[in-house]
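Sequential numbering of the sequence shown, starting at 9, is according to this note's numbering. Ideal Cβ placement from N, Cα and C applies to all residues, glycine included. This structure is a prediction, so every number in the text was calculated from the model and none was measured.
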Amino acid sequence: MRVWVARPEPGASRTGAALTGRGHAPLVAPVLAIRPSRDAPPPGTFAGIVLTSANGVPALAEAHRGIPVFAVGRRTAARAGAAGFGPVIEGPGEASGLAALVAERLPAGARLLYLAGAERKPEPAAALAKAGFQVTTHVAYHAEAVALLPEAAGLALGGHALDAALHYSRRSAATAYSLSEEAGHGGAFRALDHYCLSADVAGALEEAGIAVHFVAAQPREAVLLDGLAR
Numbered sequence: 009m010r011v012w013v014a015r016p017e018p019g020a021s022r023t024g025a026a027l028t029g030r031g032h033a034p035l036v037a038p039v040l041a042i043r044p045s046r047d048a049p050p051p052g053t054f055a056g057i058v059l060t061s062a063n064g065v066p067a068l069a070e071a072h073r074g075i076p077v078f079a080v081g082r083r084t085a086a087r088a089g090a091a092g093f094g095p096v097i098e099g100p101g102e103a104s105g106l107a108a109l110v111a112e113r114l115p116a117g118a119r120l121l122y123l124a125g126a127e128r129k130p131e132p133a134a135a136l137a138k139a140g141f142q143v144t145t146h147v148a149y150h151a152e153a154v155a156l157l158p159e160a161a162g163l164a165l166g167g168h169a170l171d172a173a174l175h176y177s178r179r180s181a182a183t184a185y186s187l188s189e190e191a192g193h194g195g196a197f198r199a200l201d202h203y204c205l206s207a208d209v210a211g212a213l214e215e216a217g218i219a220v221h222f223v224a225a226q227p228r229e230a231v232l233l234d235g236l237a238r
């Protein structure tokens, strides 16, 4: 299959390689760019650090070494461990499960540092606060939309040279659609088979009236890519 990968780097190239290994033809053309924050994390003593994305790992500092890191999933956990932080506790791949894991391991009232993106969902911070944790949120990175549809994506859509698109986040899915519309390729975008990492991601397309071909039963890349073979 000819598959558009619109997620930001460095994940986009990694996904492209995985697709190639499975016999697909990837088009790596991100519509979002990750920009690290220039602000340092707040000082203080924390009982745990919460990461919902590997993009938050670069914000970890020397003062955070030795503090338990609660990572949303396998890749985020691996990146935090490789950077020398931890002990790392790997979550189930989604925010609500991560909050439950923190509640199992730490006492209510403990102070947590949440390294988050500027554009984020309420969880896991809302559930942790409700459970009695003191959550300090630090914006560690920004996901900025590109100004125009990537040229390669425009050419592929215009030439009907794509079969499918992979969507890893609600925002990247919505951005890919809006940029395609603005470039005059909305119809071609709608005609693709859309594969989504979760029901929440799929919602961004469904709200625009776009049919979703596949939603991963678990928010894991391997499950999403397995869907391409169905």
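Does the structure place the region 86 to 103 close enough to the region 11 to 30 that three or more beta carbon pairs sit under 8 Å? no
Suppose the cutoff is 7 Å on Cβ atoms and the five residues either side in sequence are ignored; what does the same chain contact list for GLU152 look like? Walking along the sequence shown from the start, residue 152 turns up at place 144. These residues qualify, in order along the chain: LEU40, ALA41 and ARG43.
What does the Cβ neighbour count give for ARG5, buried or exposed, with the cut at 16 atoms within 10 Å? An answer regarding residue 5 cannot be provided, because it is not within the stretch 9 to 238 covered by the chain.
Output needed for THR28: all residues of its chain with C-beta closer than 7 Å, excluding positions within five of it in sequence on either side, in chain order. As a first step, residue 28 must be located in the sequence shown, where it is residue number 20. So the list reads PRO34, once near-sequence residues are dropped.
Just to check, is the beta-carbon of PRO49 closer than 8 Å to a non-hydrogen atom of the ligand NAP? Judged by which ligands are present, the structure shown has none, so any question about the ligand NAP falls away.
Cβ-based burial, GLU229 [other Cβ within 10 Å; buried from 16]: Position 221 of the sequence shown holds residue 229. By the neighbour-count rule (16 or more Cβ atoms within 10 Å), GLU229 is buried.
Assuming CYS1 and ALA181 are in contact, meaning their beta carbons sit under 8 Å apart, how far apart are those beta carbons, in whole angstroms? Outside the displayed range of the chain (9 to 238) lies residue 1, so it cannot be described from this structure.
Cross-strand partners of HIS202 (DSSP beta bridge): If you number the sequence shown from 1, residue 202 lands on position 194. According to DSSP, which records beta bridges pairwise, HIS202 is partnered with ALA173.
Only counting the same chain, and skipping five residues up and downstream in sequence, which positions put a Cβ closer than 6 Å to that of VAL143? Taking the sequence shown and counting its residues from 1, one reaches residue 143 at position 135. Excluding positions up to five away in sequence, the list reads LEU120, TYR122, ALA133, LEU136 and ALA137.
What did DSSP end up calling LEU121 once you bin it into helix, strand or coil? Here residue 121 is taken as the residue at index 113 of the sequence shown, counted from 1. LEU121 falls in the strand class under three-state DSSP.
Let me confirm a value: LEU200 is counted as buried when at least 16 other C-beta atoms fall within 10 Å, else exposed. Which label applies? For the purposes of this step, residue 200 is identified with residue 192 of the sequence shown, where counting begins at 1. Buried, since its Cβ has 16 or more Cβ neighbours within 10 Å.
Around the Cβ of LEU232, are there at least 16 other Cβ atoms within 10 angstroms (buried) or fewer (exposed)? As a first step, residue 232 is located in the sequence shown; it is residue number 224 there, counting from the start. It counts as buried.
If you pair each beta-carbon of the region 86 to 100 with each one of the region 64 to 76, do three or more pairs fall below 8 Å? yes
Over the uninterrupted beta strand (DSSP E) stretch that includes GLY264, give me the two end residues. Since the displayed the chain opens at 9 and closes at 238, residue 264 lies outside it and no answer follows.
Whether GLY175 touches ALA212 by CB criterion (9 Å): As a working note, residue 175 is residue 167 in the sequence shown. As a working note, residue 212 is residue 204 in the sequence shown. According to the sequence displayed, residue 175 carries His and not Gly. A contact, by the Cβ cut-off of 9 Å.
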